[in-house]
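S.K.:
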Amino acid sequence: MSAAPKRDQYDVVIIGAGPAGLAATADAAGAGLSTLLLDENAGPGGQVWRAINSTPVKEEALLGTDYWSGAEIAKAARDSGAEIIHRATVWSLDRNLEIGVSVGGGSAFIKARRVIIATGAQERPFPIPGWTLPGVMTAGAAQTMLKSSGLVPDCPTVIAGQGPLLWLLAAQILRLGGRIDRVLDTTPRANYMAALPHAFGFVTSPYFMKGLAMMREVRAKVPVTGGVTELAAAGNGKLDAVSYVTAGGKRETLSAELLLLHQGVVPNVNLAMAAGVEHRWNELQLCWTPVLDALGNSSIPGIAIAGDGAGIGGAQAAVWRGRAAAGSAIKASRSNAKVSDVSAQLRRAERGRAFLDTLFQPAKQFRIPQGDTIVCRCEEITAKDVLDSVAIGATGPNQLKAYRRTGMGPCQGRLCGLTVTELMAEARGKSPQEIGYYRLRAPVKPIMLSELANLPKTEEATKAVVRG
Amino acid sequence: MFKRADGDSRRSVTIHVEGQAVAAREGDTVSAALLASGLDVRRATAVSGARRLPYCMMGVCFDCLVTIDGVGNRQGCLVPVAEGMQIEIQKGKREIGK
Amino acid sequence: MKDYDVAIVGGGLLGSAIAWGLGRLGQRVAVLDEGDIAKRASRANFALVWVQSKGLGMPAYTGWTVRGSKAWPKLAEELKAQTGLDVVLQQNGGFHLTLGEAEYEQRSQLVARMHNQTGAADYRMEMMPAADVKKMLPLIGPEVSGGSFCPYDGHVNSLRTFRALHAGMKAFGVDYLPERAVSAIVRDGNEFRLATAQGEIRAAKVVLAAGNANATLAPMVGLSAPMGPTRGQIVVTERTMPFLPHPLTTIRQTDEGTVMIGDSKEDELDDRVQNHPINAVMSDRAQRTFPHLARLNVVRSWTGIRVMPKDGFPIYEQSETHSGAFVACCHSGVTLAANHAFEIARMVKDGALDTELVGAFTAKRFETAAGAGGSGYY
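Printed below as a string of C-alpha cells:
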C-alpha cells in the first residue's frame, strides 16, 4: 500500500514515472540527491511502458522490444535509492515549488528545491459526431487494457485515425488474437507531399523500418481504407455503426461495437499551466507547449519539464530529456558535480520528428467540429453552443467558461481545451495563441474536501474566513 | 466487447458489480475489469443522464466514474481491483453520503 | 463612426445590467470591455442575492438592497422571456450558520445591532437555534450552534445571469465591444470620446462601470471613486444530488449540483496564487457544517478580487463638471442587478440620478471624516 512522502522537503521531486520521470529519477538519486518520484498509476512505466513490471503479456515479441526497453530504466529508478510513491495524485504545484499530493485518501504539502514535471502526454481530443457514445474509446485506452490486463477486442471493431500508435496498437491487438474489422486511415493526402522535405531525417531515424514493418503486418490481416475525410459514430445509447467518407467522396457505413480513435498525442499541460509555466501555441504540433531552455527549465525558476510534456518527442527523446533535466538539478544542487552532456543523444532521438509531425498533423475537420458535435464531454456542450457564445461576446476560453461551463467539469478542460481554443480561433479569425487557454487552478485533479480540510491552517487564515 | 488473451496467469480476484460476482485478475483496474465482465456497465452522466463508458483509460477523461465500496465518482481506470470490492454503476449525480 | 447615446465602460454584471436596462429603454448603447483574461468579479462571485447584515452603518444601503432583492423576480422573468435562459432565482430565505457558542453569540450581537439601527425595520433577520435550523436543513452537523435567517435572502445562477444579460444586450441592439480597454476619456462639446487601442468611441453619455478600475477612470470625468478591493477565495465540488434547500453565506448548492464553499477576505490582490491555509479553513468549516460533504471531491478553487468601494457601500455619482458622466460601483453586483437594470438605467437615460433613491451613495461622503467608518460588507 502506498504511504505518504517520508519527508517534507526534497532536493528534487519528479512527477510522473514514464520514460522521462524514471530516467530523471535514476540519475538524480544516483547522484545522491534526495529524490521523490510521484506517480498516479499503480506501477512504473507511464503510458508507453505501462505495467512494465506486471503485464500478463510476457512473450517479448507480442509487445515488442521498444516496450521491453523500459524494464531496464524502471529497474534503474527502483534501485537508485529514490523514494517512489505510486497511486499518488499531485493536485497542486506553485511557483514556490510547494507540491500538494494526495496518497491513500490523505493530502500533504511538500517542498522541493527542484521540480521536474514529467506528466507526459494524453491523446488529442477526437471530437467527431458520436464520440461520447459507449463503445467509442481512444486507441491508447485499448492499448492500456492490452498491456496491463491482456485484454483485446472480440467484437466488431474499427480503428480510425492516424499516427504511429494506431499501427502499433493494431499490430499488438492482432498478435494477441484480438479482432479488428477495419482500419480507417484519416491521414490527409496532402500531408504526404508536405512531409516529403523532412523524409531524409525520417528514413535515417529509428522509427522508419519499424513503422513500415508494422504497417505491413496490419495490412496483411485487416482491410485498410485510406484518405478518410469524414468520420462519425452512431448508435442509441451505445455504438452501433461507424460511417465515413472515402477519398473518392463515397459515404460508407460499417457495423461496429467498438471504435478506437487516435490522432496523435499532445502534452498534458494542466499541472504546468496551473503552476504558472508559460506556454506557447505550437503551429506544427497544434497544441500548447511550454517555453523551455535546452535543459528543460521553464519560465518558473526551479521547475523543469521533461518528456512529452515538453513537446511531443516520443519515448527515446523523453529519456534523454529526463536525463538533461536531472543533470540540471544535480548541477544546481552540487556545483562541482560532473554531469554528462546528453544533447547529442537527444538530437538523435528527436530525428524524424518533423516528418512525423507534418505527415500526421490531423485535418481541420477532425479537430474543429461543427453543429451538434460535443466539444466538452463533461458539461455536454456542443460546437454550436461555443459559436453562439462567440456571437454574444466570448473572446476566449475563460469567457466561454463563464457562459457555458466548458472546462468546469471533472476533467478540467483536458478533453475540450484544445478544441475550444481552435474552434474559437477559427470563429474569430484569430490565431490560437491570441485566443489563449483556460486559466487552470489547483486542484488540477479532484481531491476530497476532507483532504483539503485536514491541511495546515493558520490563525490568519481563520480570521480571513470567520468574519461574524 | 473485450476478451482476455491466452496465457494470462494472474491470480483471480472476485469483485461484486451491482451485487453480482465478477472474476477479475490481480492487476486489473476497476474499469478494465468492468469492460471485461460482459455486463452492462454504462454509467449515466450527471448533466443529461447520457450513457457513457470509459474513454481514455489513463485518468484524464473522467468517463470511468464509478462508485467503489460506497464512495462515488472514483476514477475506475486508476483504481486496481481488490478482493471483495463492491462496485455500483453510477446513475447521474453523486448521491448524498456516497 | 457610430454615435451612441451611452457608452458603458465595463461589461461585468454591473455594466451589463445597466446596458441591458438602457437597451430595454430603446437607447443606443456601447459596452467597452476587457478581453478573456481580466479581473472579473462577475466570473468569480458567490452568486448570492443577499439581504441579511447588509447596511450596518448606512441604513440607506439596507433599503436599496431590499429593493433590489424584491425587483429580482422581474429581472429573472424578463431575461427568461427575452433569451429563454432560466437564471434559477431562488428566494426562499438564507442562513448564516455558526459553529460553536462563541460564534452564535457574536452573530446574535450583530443581529441586535442591525435591529437597533433606524431604517432596518423591514429587515426580518432573526437568530435561530440549531434545533430549528435542523428542521429546515436536516443534514447539518452536531457542531452547528444555530445561525441567523433572513427570508429575503436567496441566490441565483450568476454565470447564467451574466450570459443572459449579454444575450439580452445583443437582442436589444447593444454593441458589446470586448478587448477594448479604455485608456482615456475626454469631453468634446456635447459628447464623450473614449480612447481604446482599437480606436475611439463617441457617446453622449458615459457610465463608468469598470469595477475597481473606476478609481483611475473617474477622475478623467471629474468624478471620484475611492476603492479598497479585497481578495476572496472559493472552492467548488463536483455535482451531487440536491441536499441544500437554502443558501448559506458560505455554502450554496448550484442548480447544476456543485457545492460552492466560500470565502475569504484578504488584502492580497494577486489573483493568480492560492492561499492554501485558507482553503483548509473553508473546507474544514464546510465539512463541520455538513459532515456528508467531507467525501465530495473538490474540482477547483479560485481567487477573485472583490469590487469594493473604500467603505464597502455602493457609489453612484454623476459628474458636476462633465455633464452626462456617471460612475457606478458596488460590491454586490448580483444582489443589486435588478436595481441597476431598472433604476440606474432609467436615471442614466433621464440624465440625472434620483437623489431620493441613491443620494446616500454619493462619493462626496468620502470627503468628510464620518464617511471613513462602517463597512457594507459582512
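Residue numbers (the working numbering), protein chains in the order written: chain E, 1226 to 1693; chain V, 19 to 116; chain H, 16 to 393. Where a beta carbon is used, it is the ideal one built from N, C-alpha and C, also for glycine. Since the structure is predicted, the reported quantities are computational estimates derived from the model, not experimental observations.
1) Quick one: residues in its chain with C-beta nearer than 8 Å to the C-beta of Ala1466(E), no 5 flanking neighbours on either side, listed in chain order?
2) Given 8 Å as the limit, is there contact between the segment 1588-1599 of chain E and the segment 1270-1290 of chain E, that is, 3 or more CB pairs closer than that?
3) Using a C-beta cutoff of 8 Å, does Gly115(V) count as contacting chain H?
4) For Ala64(V), which residues in chain H fall below 8 Å Cβ to Cβ?
5) May I ask you to verify whether the segment 183-196 of chain H touches the segment 109-121 of chain H, counting CB pairs closer than 8 Å and requiring at least 3?
6) Only counting the same chain, and skipping five residues up and downstream in sequence, which positions put a Cβ closer than 7 Å to that of Thr211(H)?
7) With 16 other CB atoms within 10 Å as the buried threshold, where does His181(H) fall?
8) Measuring alpha carbon to alpha carbon, tell me which of Gly41(H), Gly70(H), Asp299(H) ends up nearest Leu1674(E).
9) Thinking just about the alpha-carbon of each residue, which of Val313(H), Thr269(H), Val250(H), Ala343(H) is nearest to the one in Phe258(H)?
10) Is the segment 1600-1607 of chain E touching the segment 60-80 of chain V, taking contact as three or more C-beta pairs under 8 Å?
11) How would you list, in chain order, the residues of chain E whose beta-carbon sits under 8 Å from the beta-carbon of Asn294(H)?
12) Just the chain E side, please: which residues come within less than 8 Å of Tyr191(H) by C-beta, in chain order?
13) Per DSSP, what are the beta-bridge partners of Glu1455(E) in this structure?
14) Please classify His34(V): is it buried, with 16 or more other beta-carbons within 10 angstroms of its beta-carbon, or exposed?
15) Return yes when the Cβ of Val1494(E) is within less than 8 Å of the Cβ of Trp1513(E), no when it is not.
16) What did DSSP end up calling Glu382(H) once you bin it into helix, strand or coil?
17) Using beta-carbon positions only, say whether Thr1260(E) and Glu1308(E) come within less than 8 Å of one another.
18) Are Gly72(H) and Thr80(H) closer than 8 Å when you measure CB to CB?
19) Kindly list the residues whose CB is nearer than 6 Å to the CB of Thr176(H), restricted to its own chain and excluding five residues on each side of it in sequence; keep chain order.
20) I'd like to know if Val48(V) contacts chain H, where contact means its C-beta is closer than 8 Å to some C-beta of that chain.
21) Using only the alpha-carbon positions, how far apart do Gly1474(E) and Leu1584(E) sit?
22) Considering only their Cβ atoms, is the gap separating Leu1456(E) from Leu1485(E) smaller than 8 Å?
23) Just to make sure I have the definition right: I need the residues of chain H whose C-beta is within less than 9 Å of the C-beta of Val89(V). Which are they?
24) If we call anything under 8 Å between Cβ atoms a contact, is Ala1251(E) one with Ala1302(E)?
25) Using the Cβ count rule (16 or more neighbours within 10 Å means buried), how would you classify Leu1421(E)?
26) Between Cys165(H) and Met140(H), is the Cβ-Cβ spacing less than 8 Å?
27) Pick from Trp1316(E), Gly1693(E), Glu1503(E): whose alpha carbon is nearest that of Arg315(H)?
28) Counting only beta-carbon separations shorter than 8 Å, does Gln1624(E) have a partner in chain H?
29) Out of curiosity, what's the CA-to-CA distance linking Pro1350(E) and Gly1521(E)?
30) Around the C-beta of Met1434(E), are 16 or more other C-beta atoms found within 10 angstroms, so that it is buried, or is it exposed?
31) Consult DSSP for Val1611(E) and reduce its assignment to one of helix, strand or coil.
32) Assign Gln1541(E) to one of two classes, buried (16 or more other C-beta atoms within 10 Å of its C-beta) or exposed (fewer than that).
33) Where Cys1641(E) and Ser338(H) are concerned, what is the direct C-alpha to C-alpha distance, given to the nearest angstrom?
34) Determine the DSSP secondary structure at Ala218(H), reduced to helix, strand or coil.
35) Buried or exposed for Ala1678(E), going by 16 or more other Cβ atoms inside 10 Å?
36) Given that a residue counts as buried once 16 or more other Cβ atoms are within 10 Å of its Cβ, and exposed if not, what is Gly1451(E)?
M.R.: Quick look at the numbers:
1) Locating residue 1466(E) in the first sequence gives position 241, counting from the first residue. For Ala1466(E), where only same-chain residues beyond five positions count, the Cβ hits under 8 Å are Ala1458, Ala1459, Gly1460, Thr1478, Leu1479, Ser1480, Ala1481.
2) no
3) Position 97 of the second sequence holds residue 115(V). Closer than 8 Å: yes.
4) Locating residue 64(V) in the second sequence gives position 46, counting from the first residue. Residues of chain H passing the Cβ test: Glu253, Arg254, Gly272.
5) no
6) As a working mapping, residue 211(H) is identified with position 196 in the third sequence. Closer than 7 Å at Cβ, skipping near neighbours: Leu47, Arg195, Ala196, Val197, Ser198.
7) Mapped onto the third sequence, residue 181(H) falls at position 166. The residue in question, His181(H), is buried, as its Cβ has 16 or more Cβ neighbours within 10 Å.
8) Here residue 1674(E) corresponds to residue number 449 of the first sequence, with the count starting at 1. The shortest Cα separation from Leu1674(E) among Gly41(H), Gly70(H), Asp299(H) belongs to Asp299(H).
9) Translated into the one-based positions of the third sequence, residue 258(H) becomes position 243. Taking only the C-alpha atoms, the option nearest Phe258(H) is Thr269(H).
10) yes
11) One-based indexing of the third sequence puts residue 294(H) at position 279. What Asn294(H) touches in chain E: Leu1677, Leu1680.
12) What you label residue 191(H) is simply residue 176 of the third sequence in a count that begins at 1. Those within 8 Å of Tyr191(H) in chain E are Ile1617, Gly1618.
13) Locating residue 1455(E) in the first sequence gives position 230, where the first residue counts as 1. The partner list for Glu1455(E) (beta bridge, DSSP) reads Val1470(E).
14) On the second sequence, residue 34(V) is found 16 positions in, with the first residue counted as 1. Classification for His34(V): exposed.
15) Here residue 1513(E) corresponds to residue number 288 of the first sequence, with the count starting at 1. Here residue 1494(E) corresponds to residue number 269 of the first sequence, with the count starting at 1. Their beta carbons are under 8 Å apart, which means Trp1513(E) touches Val1494(E) by this criterion.
16) Taking the third sequence and counting its residues from 1, the one referred to as residue 382(H) is at position 367. Three-state result, Glu382(H): helix.
17) Within the first sequence, the letter at position 35 stands for residue 1260(E). Within the first sequence, the letter at position 83 stands for residue 1308(E). Cβ distance < 8 Å, so Thr1260(E) and Glu1308(E) count as in contact.
18) Taking the third sequence and counting its residues from 1, one reaches residue 72(H) at position 57. Taking the third sequence and counting its residues from 1, one reaches residue 80(H) at position 65. Cβ distance not < 8 Å, so Gly72(H) and Thr80(H) don't count as in contact.
19) In the third sequence, residue 176(H) corresponds to position 161, counting from 1. Correct list, in chain order: Val102.
20) Counting from 1 along the second sequence, the entry for residue 48(V) is found at position 30. No, no contact with chain H.
21) Position 249 of the first sequence, counted from the start, is the residue given in the question as residue 1474(E). Position 359 of the first sequence, counted from the start, is the residue given in the question as residue 1584(E). Whole-angstrom Cα-Cα distance: 21 Å.
22) The residue given as residue 1485(E) occupies position 260 in the first sequence. The residue given as residue 1456(E) occupies position 231 in the first sequence. Cβ atoms of Leu1485(E) and Leu1456(E): not closer than 8 Å.
23) Within the second sequence, the letter at position 71 stands for residue 89(V). In chain order: Arg310.
24) Within the first sequence, numbered from 1, the residue matching residue 1251(E) stands at position 26. Within the first sequence, numbered from 1, the residue matching residue 1302(E) stands at position 77. Taking 8 Å as the Cβ cut-off, Ala1251(E) and Ala1302(E) qualify as a contacting pair.
25) Locating residue 1421(E) in the first sequence gives position 196, counting from the first residue. Exposed: under 16 other Cβ atoms inside 10 Å.
26) Residue numbering aside, residue 165(H) sits at position 150 when the third sequence is read from its first letter. Residue numbering aside, residue 140(H) sits at position 125 when the third sequence is read from its first letter. Yes.
27) Taking the first residue of the third sequence as 1, we reach residue 315(H) at position 300. With distances taken between Cα atoms, Arg315(H) lies closest to Trp1316(E).
28) Position 399 of the first sequence, counted from the start, is the residue given in the question as residue 1624(E). Yes, its Cβ sits closer than 8 Å to a Cβ of chain H.
29) Translated into the one-based positions of the first sequence, residue 1350(E) becomes position 125. Translated into the one-based positions of the first sequence, residue 1521(E) becomes position 296. Their backbone Cα atoms lie some 26 Å apart in a straight line.
30) As a first step, residue 1434(E) must be located in the first sequence, where it is residue number 209. Exposed, by the Cβ-count rule.
31) Locating residue 1611(E) in the first sequence gives position 386, where the first residue counts as 1. Val1611(E): helix per DSSP, three-state reduction.
32) Within the first sequence, the letter at position 316 stands for residue 1541(E). By the 10 Å Cβ count, Gln1541(E) comes out buried.
33) In the first sequence, counting from the first residue as 1, residue 1641(E) sits at position 416. In the third sequence, counting from the first residue as 1, residue 338(H) sits at position 323. Taking the straight line joining both Cα atoms gives about 48 Å.
34) The residue given as residue 218(H) occupies position 203 in the third sequence. Strand, per DSSP.
35) Counted from its first residue, the first sequence places residue 1678(E) at position 453. Buried.
36) Counting from 1 along the first sequence, the entry for residue 1451(E) is found at position 226. Per the 10 Å Cβ criterion, exposed.
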